[in-house]
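One structure is given here, and the rest of the page talks about it.
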Amino acid sequence: EKGTYPHYMLKEIDEQPLVMRKIIQAYQDINGDLAIDSDIVKAMNDADRIYIVACGTSYHAGLVGKQMIEQLAEIPVEVHVASEMGYNMPLLSKKPLFIFISQSGETADSRAVLVKVKELGYKAITITNVPGSTLSREADYTLLLHAGPEIAVASTKAYTAQIAVLSILASVVGKKADLDLVHELGIVANAMEVLCDSKEEFEKMAFEYFTVTRNAFFIGRALDYYVCLEGALKLKEISYIQAEGFAGGELKHGTIALIEDGTPIVALATQENVNWSIRGNVKEVVARGANPCIISMKGLDTNEDRFVIPEVHELLTPLVSVVPLQLLAYYAALHRDCDVDKPRNLAKSVTVE
Ligand code: F6R
């Protein structure tokens, strides 16, 4: 039930701090340490390469998961769009392990790949919100999202839950002593709360940047780039503004031709090693008339920034930086009188290939 909320999407955005805390609890052992089923940890350690397979928002979570697994567990990871992989299987490593990410657990494109993977005799883990779903039943192992039912067509809390579970998987397999993930995810939950309490500000920003525009770009580097892909998808699916996410350095290789006077450019700046280069990319588009909206993280902020998010661990920034983008999309859709929870042409779960 959406209770006092006008839309499920807003309710689900607001639930994200609670979902973070539920996930921490669900993956803690009796000593309070994060734990993952030992068969799953063994499967990860036995693999020479991991293949993440997903669609849409779940694919975007997979991109973040790749960074986490490579950095914390030091296993190479490829991320594939399911509908492509089904017909164009890449050359697989000797000991591959597959991770399917699917909120619903019913996505036909992902299932088609899982069927092939099982035919080939390889092991698969499904990360899903729905126990007993098709992808969960047909994989060898399941990791649950504990996000509660997601009703709005535009996925929000499932995305952050997927990333949180992937971070736990990566850190348990990687056994990095210098990362206290329980503590860091707690900080993330608190930061999400601060953002959810800033709705009025995001409503104002959405009004300012997205009320009349035909298009919008989201730019970022490293992890921020992946979050930009998700921010653009959120905006286009519910507000029908043509929006694209780009790697900051890639815009000048063609797409910069689309920048006109007033084109909104949302730039994320949460990664220290690329903070100055993304700001350089903002200058490039501002010189062509773009209307910049820099969302940075505390500690990396400057006085040109439109919004500063609270500081969290550098690897966990997507969990936090996506929240402003979800809220901007939500309010942009409202300002444009769109049906937030049921956007045109879309269904909650896509059970056809
Ligand atoms: C976007 C969205 C879709 C889904 C995609 C995969 O907001 O919800 O892009 O992420 O259809 O769905 P699942 O995760 O159920 O496999």
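When we follow UniProt numbering, the leftmost residue of the sequence shown carries the number 244, and every step to the right adds one.
The beta-carbon is built from N, C-alpha and C at its ideal position, and this holds for glycine as well.
If you're wondering where the values come from, they're calculated on a predicted model, not measured in any experiment.
Whole angstroms are fine: how far does the CA of residue j sit from the CA of residue i?
{"i": "V452", "j": "S336", "result": "Here the sequence assigns Tyr to residue 452, which means Val is not the residue at that position. Their Cα atoms are separated by approximately 46 Å."}
{"i": "Y573", "j": "H303", "result": "19 Å"}
{"i": "A390", "j": "I344", "result": "14 Å"}
{"i": "Y330", "j": "A297", "result": "14 Å"}
{"i": "L577", "j": "D421", "result": "44 Å"}
{"i": "D440", "j": "L363", "result": "49 Å"}
{"i": "F489", "j": "V431", "result": "25 Å"}
{"i": "A395", "j": "S301", "result": "15 Å"}
{"i": "L559", "j": "Q310", "result": "10 Å"}
{"i": "A404", "j": "Y270", "result": "12 Å"}
{"i": "T454", "j": "S482", "result": "10 Å"}
{"i": "A486", "j": "T399", "result": "17 Å"}
{"i": "K526", "j": "K359", "result": "47 Å"}
{"i": "L277", "j": "I411", "result": "7 Å"}
Using 10 angstroms around the beta-carbon of residue i, count the other beta-carbons present and answer buried if the total reaches 16, otherwise exposed.
{"i": "L589", "result": "exposed"}
{"i": "residue 682", "result": "Because the chain here runs from 244 to 596, residue 682 falls outside it and cannot be looked at."}
{"i": "H496", "result": "exposed"}
{"i": "S281", "result": "exposed"}
{"i": "G299", "result": "buried"}
{"i": "Q259", "result": "buried"}
{"i": "A449", "result": "buried"}
{"i": "Y251", "result": "buried"}
{"i": "L438", "result": "buried"}
Here's a check: name, in chain order, each residue in its chain whose Cβ is nearer than 7 Å to the Cβ of residue i, leaving out the five neighbours to either side.
{"i": "N518", "result": "A512 and L543"}
{"i": "R417", "result": "It should be pointed out that residue 417 corresponds to Gly in this sequence rather than to Arg. Cβ neighbours of G417 beyond the five flanking positions: L315, A316 and E317."}
{"i": "A290", "result": "I318, K338, P339 and L340"}
{"i": "K442", "result": "L570"}
{"i": "E554", "result": "M540, K541 and G542"}
{"i": "N288", "result": "V416"}
{"i": "S414", "result": "L277, L315, L422 and L424"}
Excluding the five sequence neighbours on either side, which residues of its own chain have a C-beta within less than 8 Å of the C-beta of residue i, listed in chain order?
{"i": "S347", "result": "T371, N372, V373, S376, K591 and S592"}
{"i": "L378", "result": "F343, S345, G348, E349, T350, S353, R354, L357, T369 and T371"}
Within a Cβ cutoff of 6 Å, which residues of the same chain sit near residue i, ignoring the five residues on either side of it in sequence?
{"i": "Y294", "result": "E321, P339 and F341"}
{"i": "A465", "result": "Q514 and V517"}
{"i": "E557", "result": "none"}
{"i": "D548", "result": "I537 and S539"}
{"i": "residue 202", "result": "With the chain running from 244 to 596 in the structure shown, residue 202 is simply not present."}
{"i": "E480", "result": "A397 and P586"}
{"i": "K419", "result": "L315"}
Q. How about the segment 500 to 508 and the segment 447 to 464: do they share at least three Cβ pairs that are nearer than 8 Å?
A. yes
**Q.** Runs of alpha helix (DSSP H) wholly within the UniProt domain "SIS" (448 to 586) (minimum 4 residues, chain order)
**A.** 466 to 482, 518 to 529 and 560 to 578
Q.
If we require 3 or more residues per run, which beta strand (DSSP E) segments fall completely within the segment 323 to 397?
A. 339 to 345, 366 to 371 and 384 to 387
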